[in-house]
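Residue numbers (the UniProt record's numbering): 1 to 87.
The beta-carbon is built from N, C-alpha and C at its ideal position, and this holds for glycine as well.
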């Protein structure tokens with residue numbers, strides 16, 4: 001629950017609209033609209049970095065579970081969607 005709230009809050013801070021999102025046991029699916037002033041890589045670095053810090057701050061036991069490893073896996077998948085006005 002906390003992670004979902006953190007993602008919503010961090011998106012709001014950056015002016016990113018969550019169109020749809022799903023929390024899976026080991027990953028997250030997000031369909032977002034990112035303002036043109038932000039690059040995808042900037043936003044993802046911010047989202048993953050800040051949410052990890054927030055999770056470790058709120059749940060100190062996770063630091064022991066993950067040790068020196070990262071909360072999130074390296075990288076992310078990106079695809080684009082849009083409206084085709086001719087159809």
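Quiz item: Using DSSP with H/G/I as helix, E/B as strand and the rest coil, what is residue 39?
Solution: Within the chain shown, numbered from 1, the residue matching residue 39 stands at position 39. Reduced to three states, the DSSP call for residue 39 is coil.
Exercise. Would you identify the three-state DSSP class for residue 21, choosing helix, strand or coil?
Key: Walking along the chain shown from the start, residue 21 turns up at place 21. Reduced to three states, the DSSP call for residue 21 is strand.
Practice problem: Within the same chain, show all residues whose beta-carbon is closer than 7 angstroms to that of residue 58, passing over the 5 residues directly before and after it, in chain order. | Solution: Against the chain shown, residue 58 aligns to sequence position 58. Contacts found: 2.
Quiz prompt | Enclosing beta strand (DSSP E) for residue 30 [first to last residue] | solution = The residue labelled residue 30 in the question sits at position 30 within the chain shown. Taken as a continuous stretch (DSSP letters only), the beta strand (DSSP E) holding residue 30 covers 28-33.
Exercise. Please determine, among 62, 27, 35, the residue with the shortest C-alpha to C-alpha distance to residue 74.
Key: The residue labelled residue 74 in the question sits at position 74 within the chain shown. Nearest C-alpha to residue 74: 27.
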